[in-house]
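Protein chains: 2
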Amino acid sequence: MDLDAYPHPALAVDCVVFGLETDKSHETCLNVLLIERGLEPFAGAWALPGGFVHIDESLDEAARRELAEEAGLHDVFLEQLYTFGAPERDPRGRVVSVAYYALVRLSDHHVRAATDARQARWFPVSQRPDLAFDHRQIVDLAYQRLQAKVRYQPLGFELLPQKFTLSQLQRMYEHILERPLDKRNFRKKILGMDLLVALDEMQQGVAHRAARLYRFDEQRYNRLVQRGFNFEV
Amino acid sequence: MDLDAYPHPALAVDCVVFGLETDKSHETCLNVLLIERGLEPFAGAWALPGGFVHIDESLDEAARRELAEEAGLHDVFLEQLYTFGAPERDPRGRVVSVAYYALVRLSDHHVRAATDARQARWFPVSQRPDLAFDHRQIVDLAYQRLQAKVRYQPLGFELLPQKFTLSQLQRMYEHILERPLDKRNFRKKILGMDLLVALDEMQQGVAHRAARLYRFDEQRYNRLVQRGFNFEV
DNA sequence: CCAAAAGTGTTCACGGTACACCCATGC
DNA sequence: GCATGGGTGTACCGTGAACACTTTTGG
Chain A
19 MDLDAYPHPA LAVDCVVFGL ETDKSHETCL NVLLIERGLE PFAGAWALPG
69 GFVHIDESLD EAARRELAEE AGLHDVFLEQ LYTFGAPERD PRGRVVSVAY
119 YALVRLSDHH VRAATDARQA RWFPVSQRPD LAFDHRQIVD LAYQRLQAKV
169 RYQPLGFELL PQKFTLSQLQ RMYEHILERP LDKRNFRKKI LGMDLLVALD
219 EMQQGVAHRA ARLYRFDEQR YNRLVQRGFN FEV
Chain B
19 MDLDAYPHPA LAVDCVVFGL ETDKSHETCL NVLLIERGLE PFAGAWALPG
69 GFVHIDESLD EAARRELAEE AGLHDVFLEQ LYTFGAPERD PRGRVVSVAY
119 YALVRLSDHH VRAATDARQA RWFPVSQRPD LAFDHRQIVD LAYQRLQAKV
169 RYQPLGFELL PQKFTLSQLQ RMYEHILERP LDKRNFRKKI LGMDLLVALD
219 EMQQGVAHRA ARLYRFDEQR YNRLVQRGFN FEV
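Heads up: the protein sequence lines correspond to chains A and B, in order. Take the numbering used here: the final residue in the first sequence is number 251, and no numbers are missing along the way. Take the numbering used here: the final residue in the second sequence is number 251, and no numbers are missing along the way.
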């Protein structure tokens, strides 16, 4: 059969990028990165970073390329989410989009506006504007997936600095899961997993007792998983 | 931007169809449906049912159409799995494939060979032949997903007849999870969920004490979920 | 009467949850 | 010295896991 016997849909990738606003104040919240569209359709509207897949690159490569081009992001956690293919999802014609979600450390990555002067901005997930195409649906699904997966995979560390306090870790989970956790139980459970390494280093410049810093030990995690360990928050 | 400025990859769907061989004997096992390819590439090899997405149908529609065309299957449980897009996965050129997995009741569905004389056959998941393209990878991922999801979603009922015994239900889980379950604990847990309706009907034609038949009550399940209930085996 | 599977309760160990006070630091 | 978050232990309860015998039916 000839591959070109029928017309092919266009193929795109779109990325839902999550980040924790870790400003110096104690207020943090889960944000999503949006791009202001410069071109029709939906010119001037907010949308997910993304674009068409090149004929010689894999889907993952396309997603990473778009994140680099449109937001200056490199080396982030990235995972495929779902493929959206309703025939009328793009007014220009048939476009199927493979959606990804990404987690970034805002401490490491400064988001650059895209090269072509459209702006890139963070919005709290709960206060995002109307989005172009079916991107609202995509963000909703990505957030659901994040909420589910953060509980049984150590994804959350991708959102924090390499060195973090237990309170930062706890607040991260509280923001994603949208419910409070008990401080003593949380610490007991997390430290009991033997995944975190206590550093000889304390938090700096806070107006109260400084907290100890920890880091996530990925090697130790992988070893534990091989022995049947299951991460769970 | 012109949608056709660049060449588009071809877009296909492939389906991993699982079924439980429920022959009259007590031996059941998890099977996957394969198609013998009639055309190059990989002519004569076994492969997943699937084909190219038409320009005006959704991805789900394409998957259901292919299941009907290639295996005579209708009205099955179907869920998107993952999209495979490595540039070299098809020797004919760039083909991106949206993979699905399906669960069928072998009691309800007789698999018909496809119209064009290629055969369709069930193979035990653990004894499947070499497969065309990257289909081995797709089956592996589908099986992993099934093993994970069957534990926290009531998917398993899609593999059993509408009326089933608790032992059939237990054996289904044992085959999918590949580990034995304790009979008393299993019954206590399942019945305690209040999801099954005991029927006034017994198993027929067995050479030992006849077991009671049950059915899964989906409405009751949906109501419980809304109250925060979590299915778990 | 024998083979084969159905059906049925209790005990124990562990992990989840609830809960309140003192400590260290910067201002 | 006071405001702010850091850090710590115990008691209770519910759920998961281990475990064996009697019942029913067909052949």
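Backbone N, C-alpha and C fix where the C-beta goes; we use that ideal spot for every residue, glycine too. From a predicted model like this one, the values you see are computed outputs, not experimental measurements.
Beta carbon of A:Ala150 nearer than 7 Å to that of A:Ala65:
yes
Can you look up A:Ala166 in the DSSP assignment and give me helix, strand or coil?
helix
In or out: B:Tyr170 buried (at least 16 other Cβ within 10 Å) or exposed?
exposed
Return the CA-CA distance between B:Lys42 and B:Thr183, expressed in angstroms with no decimal places.
At B:Lys42 the pLDDT is 46, less than 50, meaning the model places this residue with poor confidence and gives no usable figure here.
Under 8 Å from the C-beta of B:Asp74: neighbouring residues of chain A
Pro105, Arg112
Own chain partners of B:Thr15 with C-beta closer than 6 Å, once the 5 adjacent residues on each side are dropped:
Residue coverage of chain B in this structure runs from 19 to 251, which leaves residue 15 of chain B outside it and unanswerable.
Can you tell me where the alpha helix (DSSP H) with B:Arg210 in it begins and where it stops?
Sequence inspection shows Gly at residue 210 of chain B; the Arg mentioned does not correspond to that position. That run of the alpha helix (DSSP H) goes 201-210.
Residue range of the alpha helix (DSSP H) that A:Tyr191 falls in?
184-195
Anything in the segment 228-245 of chain A with a Cβ closer than 7 Å to a Cβ of chain B? List those residues in chain order, please.
none
Using DSSP with H/G/I as helix, E/B as strand and the rest coil, what is A:Gly90?
coil
What is the DSSP secondary structure of B:Phe175, reduced to helix, strand or coil?
helix
Using only the alpha-carbon positions, how far apart do B:Pro27 and A:Arg123 sit?
33 Å
How far does the beta strand (DSSP E) with B:Asn49 in it reach, from first residue to last?
48-54
Taking the alpha-carbon positions, what's the B:Ile208 to B:Val168 distance?
13 Å
Sequence-distant residues of its chain with Cβ nearer than 6 Å to B:Leu242 (five each side left out):
none
Inter-residue Cα distance where the pair is B:Arg83 and B:Val34
14 Å
CB-CB length for B:Leu214 against B:Phe234, believed under 8 Å
6 Å
At 4 residues or longer, what runs of the alpha helix (DSSP H) sit wholly inside the segment 106-151 of chain B?
none
Under 8 Å by beta carbon: chain A residues contacting B:Tyr24:
Phe70, His72, Ile73
Check the Cβ of B:Ala28 against every Cβ in chain A and list those closer than 7 Å, keeping chain order.
Leu21, His26
State yes or no: is the beta carbon of A:Leu159 nearer than 7 Å to at least one beta carbon in chain B?
no
For A:Gly111, count neighbouring C-beta atoms within 10 Å of its own C-beta (all shown protein chains included) and say buried if the count is 16 or more, exposed if not.
exposed
So with Cβ pairs under 7 Å, would you call A:Val116 a contact of chain B?
yes
Any contact of the segment 136-154 of chain B with the segment 49-63 of chain B, i.e. 3+ C-beta pairs under 8 Å?
yes
7 Å is my cut-off, CB to CB: does A:Leu209 come that close to chain B?
no
Starting from the C-beta of B:Phe204, find all residues in its chain whose C-beta is less than 6 Å away, skip the five residues before and the five after it, and write them out in chain order.
Gln188
So which of A:Gln98, A:Glu192, A:Ser185 has the shortest CA-CA distance to A:Gln165?
A:Glu192
Residues in the segment 141-173 of chain A having any Cβ partner in chain B nearer than 9 Å
none
In whole angstroms, give me the CA-to-CA distance for A:Pro172 and A:Phe249.
7 Å
Is the beta carbon of B:Ala89 sitting closer than 7 Å to the one on B:Val129?
yes
C-beta neighbour in chain B for A:Leu77, strict 7 Å
yes
Please return the same chain residues whose Cβ sits closer than 7 Å to the Cβ of B:Phe259, not counting the five positions on each side in sequence.
Missing from the structure shown is residue 259 of chain B; chain B here goes from 19 to 251 and no further.
Could you check what DSSP says for A:Ala104 in three-state terms: helix, strand or coil?
coil
Same chain only: Cβ atoms within 8 Å of B:Phe95, ignoring 5 sequence neighbours per side:
Ala120, Leu121, Val122, Leu173, Glu176
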